[in-house]
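Its first residue numbered 5, the first sequence is counted upward by one per residue in my numbering. Beta carbons: idealized from backbone N, C-alpha and C, even for Gly.
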Amino acid sequence: MAELSESYGRIYQAVRRIPRGRVATYGQVAAIAGLGRHARLVGYALNACDEELPWHRVINARGEISTRSDPFYEELQRERLEGEGVSFDDRGRVSLVRFQWQTADPLVDPDW
DNA sequence: CGTCTGACGATAT
DNA sequence: TATATCGCCAGAC
């Protein structure tokens, strides 16, 4: 990727920190990237990221894989997560309690 | 420079 | 639980 904005760079950095087998929400990534509540911006950034980034570990606040224009990537994301041991329930949702990446920031993880 | 369009999320109803 | 509204940013036209 060429020269992206500073914000995008911070977002990509945060995403790279998500451990294998864990997930993070868009809002969580935004917070870690120091962008406050710009969860939406994270989605836009990931839409323009490259394959090196573990973008599949980012899901929405409800534990679901966000819908996008190309359904192919929704499947790919789920397959990758399951491949890392992340399980989905009947409704296609991940248990954030079990799989959400626990950071040291109390602002980011209400529980635990 | 104005508009539109997205991988979101909190809040209100 | 479902729908609506609003805030917020970048890139394409």
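- Here DSSP, grouped into helix, strand and coil, assigns I63 to strand.
- R97 has its alpha-carbon roughly 21 Å from the corresponding atom of T107.
- The distance from the Cβ of V27 to that of V46 is about 13 Å, inconsistent with a contact at the 8 Å cut-off.
- The three-state reading of DSSP puts A52 in coil, since its state is none of H, G, I, E or B.
- Here R84 has H60 as same chain residues with Cβ atoms under 6 Å from its own Cβ, once five neighbours each way along the sequence are excluded.
- By the neighbour-count criterion, in which 16 or more other beta carbons inside 10 Å mark a residue as buried, P75 falls on the exposed side.
- Taking the CA atoms as reference points, I15 sits about 11 Å from V62.
- A residue is called buried once 16 or more other Cβ atoms fall within 10 Å of its Cβ, and T29 is buried on that count.
- Per DSSP, the unbroken alpha helix (DSSP H) holding Q81 starts and ends at F76 to G87.
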